[in-house]
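Numbering (this note's numbering), first residue to last: 11 to 166. What follows is a single structure, written as structure tokens, with notes after it.
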């Protein structure tokens with residue numbers, strides 16, 4: 011288990027605000043030497059605590075329709091459905107849930123019409139899906155992306 015102290019947490023918070031922030035700027039802000047920040051930052055990266063990525067704004071990339079979709083499925087089919095959904099490029103977040111729904115996903119599409127098409131032509135045809143509840147987002151107030159690519163639960 012990685013030991014994280016308050017200095018490490020401060021470095022992580024600063025990098026979350028600006029991933030391109032230099033070690034010199036972080037060091038000056040935290041009143042540390044640049045070498046200390048460099049060493050800690052490298053350790054945090056090597057131990058998988060942080061990863062430098064670019065976080066995309068879906069609207070600025072032409073994805074003007076972002077939706078959260080909840081999936082109710084046959085219990086025996088959940089792993090198969092999860093694997094199938096994981097492969098879809100439109101799915102930017104996917105999680106297995108407890109409760110009424112078995113899976114939850116966030117999708118990025120070009121238009122509201124594409125949400126309907128995605129629901130009916132892609133999701134609705136997946137074996138084992140019982141119900142789909144689609145919630146188009148009216149406004150994206152905050153977005154945080156951990157991964158710089160596809161990250162499966164096994165790699166977290």
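Beta carbons: idealized from backbone N, C-alpha and C, even for Gly. These figures come from a predicted structure and were not determined experimentally.
Sheet register partners of residue i (DSSP bridge)
i: residue 119; result: 75
i: residue 143; result: 80
i: residue 114; result: 80, 105
C-beta contact flag for residue i and residue j at 8 angstroms
i: residue 66; j: residue 147; result: no
i: residue 142; j: residue 69; result: no
i: residue 60; j: residue 25; result: yes
Proximity to residue i [Cα-Cα], best of the options
i: residue 72; options: 110, 151, 121; result: 121
i: residue 23; options: 36, 12, 42; result: 36
i: residue 134; options: 59, 79, 52; result: 79
i: residue 106; options: 82, 125, 100, 129; result: 82
i: residue 16; options: 93, 97, 54; result: 54
i: residue 126; options: 95, 75, 13, 63; result: 75
i: residue 64; options: 57, 42, 29; result: 29
i: residue 40; options: 110, 20, 31, 98; result: 20
i: residue 62; options: 27, 34, 96; result: 27
i: residue 42; options: 60, 59, 58, 18; result: 18
i: residue 14; options: 31, 58, 33, 110; result: 58
Residue i classed as buried or exposed, judged by whether at least 16 other C-beta atoms fall within 10 angstroms
i: residue 103; result: exposed
i: residue 51; result: buried
i: residue 93; result: exposed
i: residue 130; result: exposed
i: residue 165; result: Caution applies to residue 165, whose pLDDT of 40 falls short of 50 and renders its modelled position unreliable; the model cannot decide the point.
Touching by the beta-carbon criterion (3+ pairs, under 8 angstroms), the stretch 44-52 and the stretch 111-118 | Not touching, per the Cβ criterion.
Inter-stretch contact at 8 angstroms, needing at least 3 Cβ pairs: the stretch 81-88 / the stretch 123-139 = Contact between the stretch 81-88 and the stretch 123-139 is present, because at least three Cβ pairs lie under 8 angstroms.
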